[in-house]
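Sequence order for the protein chains is A and B.
Per numbering that gives the first Met the number 0: the first sequence = residues 0 to 427.
Per numbering that gives the first Met the number 0: the second sequence = residues 0 to 256.
Here the structure comes first, spelled out in structure tokens, and everything after it is commentary.
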Amino acid sequence: MKPAPTLSTAFLHPAGQSLPEPLLALRKQRGTALVDMPLPTRKTENWKYSSKYLKLTDDMAISLPAEGKTGSSLAVPGYKVAFLNGVMMPEACEYPDLDGISIKSFGDLSDDEASDLADRLDSTLDNKAVQMARLNSARFEDGLLIRLKPDAVLDQPLFIVHEVTAEASGSAFPRIFVDAGRHSQITLVEEYISSGSAQVMVNTVTEFNVAEGANITSVRLNMEGENVQHIGSTGVLQQRSSRFESHTVGFGGPLRRHDLQVRLEGEGAECKLNGVVVTQGKQHYDNHTTIEHVAAHCNSEETYRNIAADQSHAVFNGRIHIHQDAQKSNADMNNKNLLLSNGAEIDTKPELEIYADDVKCAHGATIGQLDEISLFYLVSRGIGRREANVLLTMAFINELVEQIPIEAVRETVQGRLNHFFEQAFQEA
Amino acid sequence: MLSIKNLHASVEGKEILKGINLEIKAGEVHAIMGPNGSGKSTLSQVLAGNEAFEVTEGEITLNGDNLLELETEERAREGIFLAFQYPVEIPGVSNLQFLRTAVNAMRQHKGQDEMNAAEFMKLAREISKQVDLDPAFLKRGVNEGFSGGEKKRNEIMQALLLQPKLAILDETDSGLDIDALKVVSDGVNALRAEDRAILMVTHYQRLLNHIVPDYVHVLAGGKIIKSGGRELALELEERGYGWLGIKDEETADSSAN
Ligand SMILES: Nc1ncnc2c1ncn2[C@@H]1O[C@H](COP(=O)(O)OP(=O)(O)O)[C@@H](O)[C@H]1O
Ligand SMILES: [Mg+2]
């Protein structure tokens, strides 16, 4: 038998030495732990459907240079932070000094701040389940630390644009760490975009520490090009009575993977996770979510929709784990999938592990095609077939798109969807 | 306007229509009556171009043009409108969006400018009043959660908005209470025009008290077995279908075997 492939040593050399010492030390330590890390294969349960898309060739190991100009597509009201190839670009950032709110690049942290951060990085993630997040911890060159003091409220959304420039092959390792103090509030948008056409990888980690009563809304837009492999992980740790709401919208690529892990650790915590994924051509997209009901009286509500056209491949894996002490948990997970062609593939798997006896847990997953009778009804009114297809496909995700809390983001998403429809439904 | 000659059609390999002949001229109102299962909806769906039904023989022309060569949406743009016996619920598409898209598709076909949201809203509100539907329904999903009567009124509303040349109404009277029947038949009467034909498909003759047809045809076992004036409908009301030698319900099946 062939030995299992391991991560090439070429990946173990981080660039960017300007981080504070405690973070450099942490990075080094994480890198050492990656020696001989087995790469996901078909036999790796949580990469079963996706490992074949993952290409970690040595040319991907190079750090993309942190220079050039960013060109965010979001012309939006709000505060802005721009990262290029994983490094913050101060000249493209726009946010005032805010009372009780600190937004800093990792590079600007004092040694004390950095030491505190180093102790806590990765703490929201189950690293065994998100192998690839460990690579980010060994390679990040910069990052964004957002701290909200108790009761601090960010009055406008914060847009964080992560752009990669793909002039030559290589990787970028964006990182975000959010510390939301008691009863603080923030809405943040992570937008991932790319320019250039070389084969590149983006490997991200975003972490949210949500203290008692804090309220976080997170929007994640995956809008990178056909040349970008994206492997992202998000970890959320929620304390008593906190609320976390996320809206993930993703467009496919050669490899797209997002792991979202939420731990409801304090009683009365609540999360709502929405996701929309569309794929076409030979694109791929894989969402893996885990909700850990650790404490009692927590609510989780998850709604994901996949639309796959042409020969594309979408994957959804939703795990809900209700711990023994998590009595009166309320969990509702729903995944619906739409195949727009016979050549497309969607794999969906709910995984429920319930160890408490007094819980409410509902789940449902369906895979279907556009309804012929609805289509006939629409065209019988003179509506063109293409437009009828678009109406019915939009109907499948409307409810989720409408819930995205920022109009400018909804418009950006609609624009990308329109582009998708143009490709997916040619006029007959 | 519409000419059907020796039309045969089948669904899932089973022949349902077995040689229909029908001529309808502009300005006329025709009623097709017949027991359940006789093929009334099949005829309606074939006219609208539902591909689930296969035309195996015969021809249909609209003002001389071969209808069978046209896709459903092209037939609609040429003026064919079918009010469905069972209007379809489409959650996630609002009625307003649906209706405006349809009206604009027609306008575009005629080379007219599209109506903007405000113009259309005004028109839609007017017509919803005409069919006694609360304008609030415009915001809801297409037919989503509508009562049977509301669905039928929505079909008539669409006919009024789209102003077809030939309106085919498939059991638009079924499931309506007296008041709704009045609203619907007022709507249909408002559609009556010199340059428009109406084909009413119905199981009962009560609608024909409100909308007086010029011709009545009896469809049984996939064929038109009798045609006459409106007095034929009254006769059917009095005597049932039995005197014509057909039984309700089993008719289509027994003749198919
Ligand atoms: N989609 C279909 N698949 C199979 N059989 C059908 C379908 N639609 C109609 N039929 C059959 O065709 C016959 C005529 O039905 P229909 O046209 O609906 O009659 P009517 O409208 O007069 O009640 C019936 O025997 C019915 O079962
Ligand atoms: Mg019928």
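All residues carry an ideal CB built from backbone N, CA and C; glycine is no exception.
All values derive from a computational prediction rather than experimental measurement.
Tell me which residues share the same chain as LEU180 (chain B) and place their Cβ nearer than 8 Å to its Cβ, disregarding the 5 neighbours each side in the sequence.
Looking up residue 180 (chain B) in the second sequence gives position 181. Excluding sequence neighbours, LEU180 (chain B) sits near ASP172, ARG205, LEU206, HIS209.
Relative to the alpha-carbon of ARG119 (chain A), which residue among A:GLU371, A:THR392, A:ASN208 has its alpha-carbon at the smallest distance?
Along the first sequence, one-based indexing puts residue 119 (chain A) at 120. Cα-wise, what sits closest to ARG119 (chain A) is A:ASN208.
Could you tell me the distance, in whole angstroms, from the CA atom of ASP141 (chain A) to the CA atom of ALA135 (chain B)?
By 1-based counting over the first sequence, the position of residue 141 (chain A) is 142. By 1-based counting over the second sequence, the position of residue 135 (chain B) is 136. Their Cα atoms are separated by approximately 52 Å.
Contacts around LYS197 (chain B), its chain only, beta-carbon distance under 6 Å, and the 5 residues preceding and following it disregarded:
As a first step, residue 197 (chain B) is located in the second sequence; it is residue number 198 there, counting from the start. Strictly speaking, residue 197 (chain B) in this sequence is Ile, with Lys absent from that position. VAL28, ALA166.
For chain B, is any of its Cβ atoms less than 9 Å away from the one on GLY106 (chain A)?
In the first sequence, counting from the first residue as 1, residue 106 (chain A) sits at position 107. False, the Cβ-Cβ gap to chain B never drops below 9 Å.
Please list the partners that THR41 (chain B) has in chain A, where partner means a Cβ-to-Cβ separation under 8 Å.
The count along the second sequence starts at 1 and reaches residue 41 (chain B) at position 42. Residues of chain A passing the Cβ test: none, with the nearest at roughly 14 Å.
Of all the beta strand (DSSP E) runs that stay within the bounds of the segment 269-340 of chain A, which reach a length of 3 or more residues?
For the segment 269-340 of chain A, whole beta strand (DSSP E) runs of length 3 or above, ordered along the chain, are 269-278, 283-292, 298-307, 312-321, 329-338.
With H, G and I counted as helix, E and B as strand and the rest as coil, what does DSSP make of MET114 (chain B)?
Taking the first residue of the second sequence as position 1, residue 114 (chain B) is located at position 115. MET114 (chain B): coil per DSSP, three-state reduction.
Between the CA atoms of GLN16 (chain A) and LEU25 (chain A) - distance to the nearest angstrom
Within the first sequence, residue 25 (chain A) is the residue found at index 26, counting from 1. Within the first sequence, residue 16 (chain A) is the residue found at index 17, counting from 1. The alpha-carbon atoms of LEU25 (chain A) and GLN16 (chain A) are separated by roughly 13 Å.
Any idea if THR40 (chain A) is buried or exposed, counting beta-carbon neighbours within 10 angstroms, 16 or more meaning buried?
Residue 40 (chain A) sits at position 41 when you count from the first residue of the first sequence. By the neighbour-count rule (16 or more Cβ atoms within 10 Å), THR40 (chain A) is not buried but exposed.
Just the Cα atoms here: how many angstroms apart are SER7 (chain A) and CYS92 (chain A)?
Numbered from 1 along the first sequence, position 8 holds the residue referred to as residue 7 (chain A). Numbered from 1 along the first sequence, position 93 holds the residue referred to as residue 92 (chain A). Taking the straight line joining both Cα atoms gives about 35 Å.
GLU72 (chain B) versus chain A: which residues are under 7 Å apart at the beta carbon?
For the purposes of this step, residue 72 (chain B) is taken as the residue at position 73 of the second sequence. Neighbours of GLU72 (chain B) on chain A, chain order: VAL378, GLY381, ILE382, GLY383, ARG384.
Could you check the C-alpha separation between ALA75 (chain B) and GLY140 (chain B) for me, to the nearest Å?
Counted from its first residue, the second sequence places residue 75 (chain B) at position 76. Counted from its first residue, the second sequence places residue 140 (chain B) at position 141. Cα atoms of ALA75 (chain B) and GLY140 (chain B): separation of roughly 22 Å, rounded to the nearest angstrom.
Per DSSP, LYS348 (chain A) forms a beta bridge with which residues?
Translated into the one-based positions of the first sequence, residue 348 (chain A) becomes position 349. A:ASN316, per the DSSP bridge assignment.
Kindly indicate the opening and closing residues of the beta strand (DSSP E) around ALA165 (chain A).
Start at 1 with the first residue of the first sequence, and residue 165 (chain A) comes out as number 166. Note, ALA165 (chain A): beta strand (DSSP E), 157-165.
Do you know offhand how far CYS297 (chain A)'s Cα is from ALA343 (chain A)'s?
Taking the first sequence and counting its residues from 1, one reaches residue 297 (chain A) at position 298. Taking the first sequence and counting its residues from 1, one reaches residue 343 (chain A) at position 344. Between CYS297 (chain A) and ALA343 (chain A), the C-alpha separation is close to 37 Å.
Cβ of ALA8 (chain B) less than 9 Å from any chain A Cβ?
Numbered from 1 along the second sequence, position 9 holds the residue referred to as residue 8 (chain B). No Cβ of chain A is located within less than 9 Å of the beta carbon of ALA8 (chain B).
Can you tell me which residues form a DSSP beta bridge with GLU53 (chain B)?
As a working mapping, residue 53 (chain B) is identified with position 54 in the second sequence. GLU53 (chain B) is bridged to B:SER9.
Near ligand 1, which residues have their beta-carbon less than 5 Å from any of its heavy atoms, given in chain order?
Result (chain order): B:VAL10, B:GLU11, B:ILE15, B:ASN35, B:GLY36, B:SER37, B:GLY38, B:LYS39, B:SER40, B:THR41, B:ALA251.
Three-state secondary structure (DSSP) at GLY77 (chain A)?
Here residue 77 (chain A) refers to the residue found at position 78 of the first sequence. Secondary structure of GLY77 (chain A) (DSSP, three-state): coil.
With a cut-off of 9 Å, does the C-beta of ALA427 (chain A) fall near any C-beta of chain B?
Along the first sequence, one-based indexing puts residue 427 (chain A) at 428. With a pLDDT of 49 at ALA427 (chain A), under the threshold of 50, the modelled position of this residue cannot be trusted, and the question is left open.
Where GLN260 (chain A) falls: helix, strand or coil (DSSP):
Indexing the first sequence from 1 puts residue 260 (chain A) at position 261. Here GLN260 (chain A) sits in strand by DSSP.
Whole-angstrom distance between GLU73 (chain B) and GLU50 (chain B), CA atom to CA atom:
Stepping through the second sequence from its first residue, residue 50 (chain B) is reached at position 51. Stepping through the second sequence from its first residue, residue 73 (chain B) is reached at position 74. Across the structure, GLU50 (chain B) and GLU73 (chain B) are spaced so that their CA atoms are roughly 14 Å apart.
Please check the pair GLY99 (chain A) and LEU147 (chain A), which I expect to be a contact at CB under 8 Å, by giving their CB distance rounded to whole angstroms.
Along the first sequence, read from residue 1 onward, the residue named residue 99 (chain A) stands at position 100. Along the first sequence, read from residue 1 onward, the residue named residue 147 (chain A) stands at position 148. About 7 Å separates the two Cβ atoms, so the contact holds.
Using a Cβ cut-off of 7 Å, pull out every chain B residue sitting near ALA394 (chain A), in sequence order please.
Position 395 of the first sequence, counted from the first residue, corresponds to residue 394 (chain A). The answer, in chain order, is ILE89, PRO90, GLY91, VAL92.
Under three-state DSSP, which class holds VAL187 (chain B)?
Counting from one through the second sequence, the residue named residue 187 (chain B) turns up at place 188. VAL187 (chain B) falls in the helix class under three-state DSSP.
Assuming ALA137 (chain A) and LEU33 (chain A) are in contact, meaning their beta carbons sit under 8 Å apart, how far apart are those beta carbons, in whole angstroms?
For the purposes of this step, residue 137 (chain A) is identified with residue 138 of the first sequence, where counting begins at 1. For the purposes of this step, residue 33 (chain A) is identified with residue 34 of the first sequence, where counting begins at 1. About 5 Å separates the two Cβ atoms, so the contact holds.
Which residues in chain A sit within 9 Å of PHE83 (chain B), going by Cβ to Cβ distance?
The residue given as residue 83 (chain B) occupies position 84 in the second sequence. Contact annotation for PHE83 (chain B) against chain A: TYR376, SER379 [CB-CB distance below 9 Å, chain order].
Return the residues of the segment 360-373 of chain A that lie within a Cβ-Cβ distance of less than 7 Å from chain B, sorted by chain order.
Identification of residues in the segment 360-373 of chain A having a C-beta nearer than 7 Å to some C-beta of chain B yields ILE372, SER373, given in sequence order.
From GLY48 (chain B) to ILE345 (chain A), what does the alpha carbon distance come to, in whole angstroms?
By one-based count along the second sequence, residue 48 (chain B) stands at place 49. By one-based count along the first sequence, residue 345 (chain A) stands at place 346. The alpha-carbon atoms of GLY48 (chain B) and ILE345 (chain A) are separated by roughly 32 Å.
Under 8 Å: does the beta carbon of GLU154 (chain B) sit that close to some heavy atom of ligand 2?
Taking the second sequence and counting its residues from 1, one reaches residue 154 (chain B) at position 155. GLU154 (chain B) has its Cβ no nearer than 8 Å to any heavy atom of ligand 2.
Length of the line joining the Cα atoms of GLN28 (chain A) and SER340 (chain A):
Reading the first sequence from its first residue, position 29 is the one you call residue 28 (chain A). Reading the first sequence from its first residue, position 341 is the one you call residue 340 (chain A). When only Cα atoms are considered, GLN28 (chain A) and SER340 (chain A) end up about 47 Å apart.
So that I know if they touch, is there some Cβ in chain A lying closer than 9 Å to that of SER2 (chain B)?
Working through the second sequence from its first residue, we reach residue 2 (chain B) at position 3. For SER2 (chain B), the answer is no, since every Cβ of chain A falls outside 9 Å of its Cβ.
Find the residues of chain A that neighbour ASN115 (chain B), judging by a C-beta separation of less than 7 Å, and give them in chain order.
As a position in the second sequence, residue 115 (chain B) is number 116, starting the count at 1. Taking a Cβ-Cβ threshold of 7 Å, none of the residues of chain A is close to ASN115 (chain B); the smallest such distance is about 17 Å.
Rounded straight-line distance, which links the Cα of LEU23 (chain A) to that of SER109 (chain A):
Looking up residue 109 (chain A) in the first sequence gives position 110. Looking up residue 23 (chain A) in the first sequence gives position 24. Linking SER109 (chain A) to LEU23 (chain A) through their CA atoms gives a straight-line distance of about 13 Å.
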